[in-house]
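Notes for the one structure printed next.
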Amino acid sequence: MSEDGIPMDTNYLEELELTTQEKIQEALEFCKNHDLLLEGTGSAGSKQTFMNMLCDTIGGEIRDHPMLEYTQKTKQISYNDNNRNLLSSKLPSDSFLVDLLQMCKQHSSNQKILSSYCYPLLKHRRNRPEDKSSKIIGGRIYPTWYITGGKFSDGGTLQGRITCKRPSAQTFPPIIKKGIKSLKNEIIGFDLSQIELRVAALLSGDAALCAAYLDDLDLHAERASQIFMKQNVTNEERQVGKCINFADLFRSGADTMQSTVMAMTGQNKPKTFFQEIVRTRKQHRPGLWNWQEEVIRTSETTGRYELPFIGQSRFFRGGDKYQISEMVNFPVQTTASNTLLSIQIEVNNQLKPLRSQRYDSDIKLLMNVYDALYFECPKHKIDSLKEIFHQAILNVENKLYWNYLCQLYGRKIPLKYDSETWS
Numbered sequence: 524m525s526e527d528g529i530p531m532d533t534n535y536l537e538e539l540e541l542t543t544q545e546k547i548q549e550a551l552e553f554c555k556n557h558d559l560l561l562e563g564t565g566s567a568g569s570k571q572t573f574m575n576m577l578c579d580t581i582g583g584e585i586r587d588h589p590m591l592e593y594t595q596k597t598k599q600i601s602y603n604d605n606n607r608n609l610l611s612s613k614l615p616s617d618s619f620l621v622d623l624l625q626m627c628k629q630h631s632s633n634q635k636i637l638s639s640y641c642y643p644l645l646k647h648r649r650n651r652p653e654d655k656s657s658k659i660i661g662g663r664i665y666p667t668w669y670i671t672g673g674k675f676s677d678g679g680t681l682q683g684r685i686t687c688k689r690p691s692a693q694t695f696p697p698i699i700k701k702g703i704k705s706l707k708n709e710i711i712g713f714d715l716s717q718i719e720l721r722v723a724a725l726l727s728g729d730a731a732l733c734a735a736y737l738d739d740l741d742l743h744a745e746r747a748s749q750i751f752m753k754q755n756v757t758n759e760e761r762q763v764g765k766c767i768n769f770a771d772l773f774r775s776g777a778d779t780m781q782s783t784v785m786a787m788t789g790q791n792k793p794k795t796f797f798q799e800i801v802r803t804r805k806q807h808r809p810g811l812w813n814w815q816e817e818v819i820r821t822s823e824t825t826g827r828y829e830l831p832f833i834g835q836s837r838f839f840r841g842g843d844k845y846q847i848s849e850m851v852n853f854p855v856q857t858t859a860s861n862t863l864l865s866i867q868i869e870v871n872n873q874l875k876p877l878r879s880q881r882y883d884s885d886i887k888l889l890m891n892v893y894d895a896l897y898f899e900c901p902k903h904k905i906d907s908l909k910e911i912f913h914q915a916i917l918n919v920e921n922k923l924y925w926n927y928l929c930q931l932y933g934r935k936i937p938l939k940y941d942s943e944t945w946s
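Under our numbering, the first residue of the sequence shown carries the number 524, and numbering increases by one thereafter.
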């Protein structure tokens with residue numbers, strides 16, 4: 524992946540840069556006309572005055588709302604996305620402050636696109652002109668990939684995921700991801716379907732999780748039915764069920780779930796709603812809960828947790844309560860990552876050796892994005908690549924890593940994937 528790089532459309536990014544600058548300027552002028560400064564001298568005080576005005580307008584006990592965030596040092600209301608989303612949901616829809624908040628969001632989101640992506644990819648890191656490590660070279664970017672984390676490395680993760688930096692292509696937002704284009708070939712992505720939830724089903728043996736994948740049920744709708752206590756759920760309720768399913772995996776608390784659901788679905792549910800989910804989690808996911816308890820017990824007793832076959836381990840020392848989510852997270856995320864890496868190895872074995880001369884007519888592996896692989900592929904080889912990937916899935920599922928796990932735990936959870944192609 525490091526050798527082949529990732530093709531990027533420079534023209535698209537240059538146009539995007541101009542568009543974001545225009546949107547930033549539009550937001551600055553709109554807010555200035557309403558006595559709100561977003562940049563420059565006096566902007567910090569102006570933003571604080573604005574946040575206080577929002578709270579005064581909403582009234583009631585909004586300043587005591589558990590989701591409202593305050594600065595650590597001065598204990599003032601933070602000017603951030605979470606607070607703006609929360610306060611926006613409390614305002615009357617016809618309030619002029621709603622439009623003002625929308626312009627604040629337009630400003631911050633476009634500043635993020637400009638400074639974190641357009642500048643580094645086209646020029647250099649913002650405010651660091653000497654750092655051009657993420658800049659497009661000859662129509663491609665060349666991230667540095669890290670297989671594992673460690674104190675001697677500035678990349679990698681403790682969860683065992685393969686990661687990249689300079690640039691962090693795995694976390695490109697959709698608008699930047701659209702800039703991944705090849706002049707002559709297609710970009711094809713293969714995405715493992717709900718791999719972390721499938722891993723949790725395999726490792727824990729939770730009856731509901733296993734049944735969902737063995738019988739091809741809608742796991743998110745099923746969880747939503749439990750939460751809302753009704754058979755048929757709306758799409759909005761299903762989205763909440765999806766958030767809760769992943770929250771179950773990592774023992775997320777009520778506060779975290781509340782903010783996640785708000786950010787992902789725009790639904791502002793009361794904290795008591797999520798406290799009830801936490802209280803009944805053991806009841807609704809007994810197999811998962813008991814397995815997590817065993818993981819926590821092993822991690823706290825021995826100070827580490829080790830995965831089977833490969834022997835990857837992570838140390839947990841100090842007894843910090845916030846490590847609980849990391850303890851139950853580690854075996855799930857790392858096993859999911861190992862599964863994709865096993866598939867990646869199988870695919871690579873069928874592609875051209877890395878040290879061979881590279882041509883436009885070759886299939887190239889571009890990225891590992893946690894639960895998906897992305898390739899650059901000539902049009903006439905798309906069917907061949909799809910067959911290679913499908914066979915790799917079958918080998919891992921029925922003969923290799925995933926099969927070893929199924930035999931170890933005495934149950935079979937099928938793997939599933941989706942694919943997408945864009946020019």
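The beta carbon of each residue, even a glycine, is placed where N, CA and C say it ideally should be.
- With respect to the 7 Å criterion, residue 861 and residue 685 are not classified as neighbours on the basis of their beta carbons.
- Leaving aside the five residues that flank residue 659 on each side, the residues in its chain whose CB is nearer than 8 Å to its CB run, in chain order, 531, 533, 536, 644 and 645.
- The count of Cβ pairs closer than 8 Å, one atom from the stretch 705-716 and one from the stretch 930-941, reaches three, so the stretches are in contact.
- Rounded to the nearest whole angstrom, the CA to CA distance from residue 691 to residue 664 is 10 Å.
- Contact between residue 916 and residue 866 holds: CB atoms are separated by about 6 Å, below the 8 Å threshold.
- Rounded to whole angstroms, the gap between the alpha carbons of residue 572 and residue 637 is 27 Å.
- CA-CA distance, residue 746 to residue 657, rounds to 42 Å.
- Judged by their CB atoms, residue 855 and residue 719 are nearer to each other than the 7 Å cut-off.
- Assignment of residue 939 by DSSP, reduced to helix, strand and coil, places it in the coil class.
- A residue is called buried once 16 or more other Cβ atoms fall within 10 Å of its Cβ, and residue 666 is buried on that count.
- Residue 854 sits in a helix when the DSSP states are folded into three classes.
- Membership of residue 758 in any beta strand (DSSP E) is not indicated; the residue belongs instead to the alpha helix (DSSP H) covering 758-772.
- Residue 748 is positioned such that its CB atom lies no closer than 7 Å to that of residue 810.
- A check of alpha carbon separations from residue 798 across 618, 724, 775 and 754 identifies 775 as the nearest.
- If you look at residue 553, you'll find it in the alpha helix (DSSP H) that goes 533-555.
- The stretch 776-786 makes no contact with the stretch 735-744, as fewer than three CB pairs between them are under 8 Å.
- In the DSSP assignment, the residues bridged to residue 714 are 895 and 941.
- When rounded, the separation of the alpha-carbon atoms in residue 920 and residue 627 is 48 Å.
- Just so you know, the alpha carbons of residue 653 and residue 815 end up roughly 47 Å apart.
- Judged by DSSP secondary structure, residue 779 falls within the alpha helix (DSSP H) whose first and last residues are 777-788.
- In this structure, the beta-carbon distance from residue 898 to residue 911 does not fall below 7 Å.
- Here DSSP, grouped into helix, strand and coil, assigns residue 751 to helix.
- Distance from the CA of residue 609 to the CA of residue 545, rounded to the nearest whole angstrom, comes to 27 Å.
- Beta-bridge pairing by DSSP links residue 669 to 686.
- By a beta-carbon distance limit of 8 Å, residue 932 contacts residue 725. Their separation comes to about 6 Å.
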